[in-house]
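Accompanying notes for the structure given below.
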Amino acid sequence: MSTKSLVDHRLDKILSALEVVIPDVQDLKSRVGTLEMNMVCESRKRLNLKKRAESHVTKILGGKDSDAYKNDYRGTIRHLWMDYWQAFGVTTYHDTPAVLYDKAIEFIDEWRPQSIRGLEDTKSA
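912 is the number of the first residue of the sequence shown in my numbering; add one for each residue after it.
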């Protein structure tokens, strides 16, 4: 057998093996992706989401001693979570997919109440 035909034979074997393996790899990638989207954040990260949201709303309202905090905290935190649930397609922050944790933190950090968003839109116009 010549060197060229030996190389061609080996390449054919490799290609045949790849044809068998590639669908399995694609299936595994799909299954891992599904697992990642269904795996929720661990409890420590869920607690961090909650504390981050509470801290952010407290800051927006001017701190725990402000009248805005005393009068509007519950409604404001409720609106944050309603926007969060809609943005992430979950019914509670406990169901946040682990792969979306960083985006969830970013969402909370950038969130503004509708009333403030309306004022910001007016100022920028």
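Just so you know, even glycine gets a beta-carbon here, dropped at the ideal spot from N, CA and C. Keep in mind the model is a prediction, meaning the values are calculated, not measured.
To the nearest angstrom, how far is it from the Cα of residue i to the Cα of residue j?
{"i": "SER977", "j": "VAL968", "result": "12 Å"}
{"i": "PRO1024", "j": "GLN937", "result": "43 Å"}
{"i": "ILE882", "j": "SER954", "result": "No statement about residue 882 is possible, as the shown extent of the chain runs from 912 to 1036 and does not include it."}
{"i": "TRP1022", "j": "LYS940", "result": "33 Å"}
{"i": "ASP1020", "j": "MET948", "result": "22 Å"}
{"i": "THR1002", "j": "ARG985", "result": "18 Å"}
{"i": "TYR1004", "j": "ASN959", "result": "11 Å"}
{"i": "THR1033", "j": "ARG957", "result": "Reliability fails at THR1033, whose pLDDT of 43 lies under 50, so the model's placement of it is uncertain and no value is given."}
{"i": "VAL1040", "j": "GLU965", "result": "Past the edges of the chain, shown from 912 to 1036, lies residue 1040, and the structure says nothing about it."}
{"i": "LYS962", "j": "TYR995", "result": "14 Å"}
{"i": "VAL951", "j": "VAL918", "result": "49 Å"}
{"i": "LYS975", "j": "VAL943", "result": "44 Å"}
{"i": "TYR1012", "j": "LYS970", "result": "21 Å"}
{"i": "PHE1037", "j": "GLY1000", "result": "Nothing in the structure corresponds to residue 1037, since the chain is present only between 912 and 1036."}
For residue i, is the classification buried or exposed, using 16 other Cβ atoms within 10 angstroms of its Cβ as the cut-off for buried?
{"i": "THR914", "result": "exposed"}
{"i": "THR945", "result": "exposed"}
{"i": "ALA998", "result": "exposed"}
{"i": "ALA979", "result": "exposed"}
{"i": "LEU972", "result": "buried"}
{"i": "ALA928", "result": "exposed"}
Is the beta carbon of residue i within less than 7 Å of some heavy atom of the ligand SAH?
{"i": "ARG989", "result": "Of ligands this structure carries none, so the ligand SAH is not represented either."}
Would the region 919-932 count as touching the region 986-1001 if we require 3 or more Cβ pairs under 8 Å? no
Any alpha helix (DSSP H) of 4 or more consecutive residues that is wholly inside the region 934-994: 954-971
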